[in-house]
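Asker:
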Amino acid sequence: MMQQPNLKVNIGALKLQNPVMTASGTFGYAREFDHLMDLNRLGAIIVKGLSLKPTRGNPPPRVVETACGMINAIGLENVGIEGFITEKLPFLQNLYPPLIVNIYGKLEEEYWQLAARIDEVAAIDGIEVNISCPNVKAGGMAFGVDPQAAYSVIRAVRQQTSKPLIVKLSPNVTDITEIATAVEEAGADCISLINTISAMAVDINTRRPKIANIIGGLSGPAIKPVALRMVWQVAQKSKIPIIGIGGIMTAQDALEFLIAGASAIQVGTANFINPGVTTEIIDGIEAFLIERDIASVMDIVGTLET
Ligand SMILES: Cc1cc2nc3c(=O)[nH]c(=O)nc-3n(C[C@H](O)[C@H](O)[C@H](O)COP(=O)(O)O)c2cc1C
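In the working numbering, the protein residues as written are 12 to 317.
#1: Counting along the chain, where does the beta strand (DSSP E) carrying lysine 59 start and finish?
#2: Would you call the segment 19-34 in contact with the segment 44-55, where contact means no fewer than 3 C-beta pairs closer than 8 Å?
#3: Please find out if some non-hydrogen atom of ligand 1 comes closer than 7 Å to the beta-carbon of asparagine 146.
#4: Are the CB atoms of proline 182 and methionine 241 nearer to each other than 8 Å?
#5: Within 10 Å of its beta-carbon, does cysteine 201 have 16 or more other beta-carbons around it, so buried, or fewer, so exposed?
#6: Could you give the C-beta distance for glycine 272 and valine 312, rounded to a whole number, given that I count them as a contact under 8 Å?
#7: For threonine 97, does the three-state DSSP call read helix, strand or coil?
#8: Per DSSP, proline 145 is paired with what?
#9: Since threonine 192 is in the alpha helix (DSSP H), which residue starts that stretch and which ends it?
#10: Quick one: give me the first and last residue of the beta strand (DSSP E) that methionine 171 is part of.
#11: Look at the alpha carbon of isoleucine 111 and the alpha carbon of asparagine 216, and state the distance between them as a whole number of angstroms.
#12: In angstroms with no decimal places, state the Cα-to-Cα distance between glutamine 171 and isoleucine 226.
#13: List, from N- to C-terminal side, the alpha helix (DSSP H) runs of 4 residues or more that fit wholly inside the segment 228-297.
#14: Pick out whichever of Ala238, Pro16, Glu121 has its Cα sitting closest to the Cα of glutamine 277.
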């Protein structure tokens, strides 16, 4: 009988008991899942994307199901950073897993102001920066699709915080490695990918888009092969750890990302189908390691043979 395998992974200075985290926007502020699962089993908790001020988001319909996935255009509805600190943090700070706060802005200064505020809050263990948002000063082009804009915003955030800094990449680019290199040079400690893929759906009866915002973001199993490809491409070039995201529904999906080069993974859309899925994925990874006599989950990271 072999010993229990070691599921621990490090993401820069963050120490995780296992590689399974919740993806921003699909797990609320975690309390919503408290009665459905044991939150303390998670590797880390990532909460809904926060802005400086509370945001109401887009008009409905904001979500539509598609083949093997869903499209959403929630419009980043959230309680704002101060609302988060006063209303949500008291519950979250008593949980065991590291707490990572996801942030976004429409201007570079909003990003670094958020980072500066979060840096003062001891109970927040890390920051994930969502750069998939439109940059108002650049005519609405997302920060994350231009290496210079991505570098500039992450550099500004880095200067405001010494907390572990994860940068979450947009897949809506031609060469993902170009953006990954830019944010690594700007001081990111870790790269997470992918955010949703730009998409739309049409209702043939009304001839209207199925989402009020017309365009939304595709997530779920449909995007997994794209996400895996991007994780693998970034892993070839990058020296910092990678967190894989996109269509992870099962332990097998998670293992595919680890083999492709991710040190940890996030589960998003799957939480809507099965709120206990993250614990099942943790158990499944452990079972895989036991079956194959592998001592540590790190022993499989980046072991893809090509
Ligand atoms: C309803 C919904 C809301 C989301 N909100 C955010 C968000 O606030 N910030 C962010 O960085 N990503 C957000 N995402 C993207 C997810 O975190 C994740 O990157 C994406 O859904 C791909 O993973 P999945 O296929 O496992 O869902 C959201 C996704 C969904 C489906």
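Even glycine gets a Cβ: it sits at the ideal position worked out from N, Cα and C.
Answerer: Considering the structure as presented:
#1: What you label residue 59 is simply residue 48 of the sequence shown in a count that begins at 1. Segment: none, lysine 59 is in no beta strand (DSSP E) and carries neither H nor E.
#2: These segments touch.
#3: Reading the sequence shown from its first residue, position 135 is the one you call residue 146. Asparagine 146: no, Cβ never under 7 Å from ligand 1.
#4: Within the sequence shown, the letter at position 171 stands for residue 182. Within the sequence shown, the letter at position 230 stands for residue 241. Yes, the pair counts as a contact, with Cβ atoms nearer than the cut-off.
#5: Position 190 of the sequence shown, counting from 1, holds the residue named residue 201. Classified as buried, cysteine 201 has 16 or more neighbouring CB atoms from the shown chains inside 10 Å of its CB.
#6: Counting from one through the sequence shown, the residue named residue 272 turns up at place 261. Counting from one through the sequence shown, the residue named residue 312 turns up at place 301. About 7 Å separates the CB atoms of glycine 272 and valine 312; that is less than 8 Å, so the two are in contact.
#7: Here residue 97 corresponds to residue number 86 of the sequence shown, with the count starting at 1. In this structure, threonine 97 counts as helix in the three-state DSSP scheme.
#8: Along the sequence shown, read from residue 1 onward, the residue named residue 145 stands at position 134. Ala153, per the DSSP bridge assignment.
#9: Position 181 of the sequence shown, counted from the first residue, corresponds to residue 192. Residue range 187-196 is occupied by the alpha helix (DSSP H) that includes threonine 192.
#10: As a working mapping, residue 171 is identified with position 160 in the sequence shown. A quick correction: the sequence has glutamine, not methionine, at residue 171. Counting along the chain, glutamine 171 falls outside any beta strand (DSSP E), and DSSP gives it neither H nor E.
#11: By one-based count along the sequence shown, residue 111 stands at place 100. By one-based count along the sequence shown, residue 216 stands at place 205. Roughly 43 Å separates the two Cα atoms.
#12: In the sequence shown, residue 171 corresponds to position 160, counting from 1. In the sequence shown, residue 226 corresponds to position 215, counting from 1. Taking the straight line from one Cα to the other gives about 33 Å.
#13: When DSSP assignments are scanned along the segment 228-297, the uninterrupted stretches of alpha helix (DSSP H) that are 4 or more residues long and fall wholly within it turn out to be 235-248, 262-271, 281-284.
#14: Numbered from its first residue, the sequence shown carries residue 277 at position 266. Minimum Cα distance to glutamine 277 is reached at Ala238.
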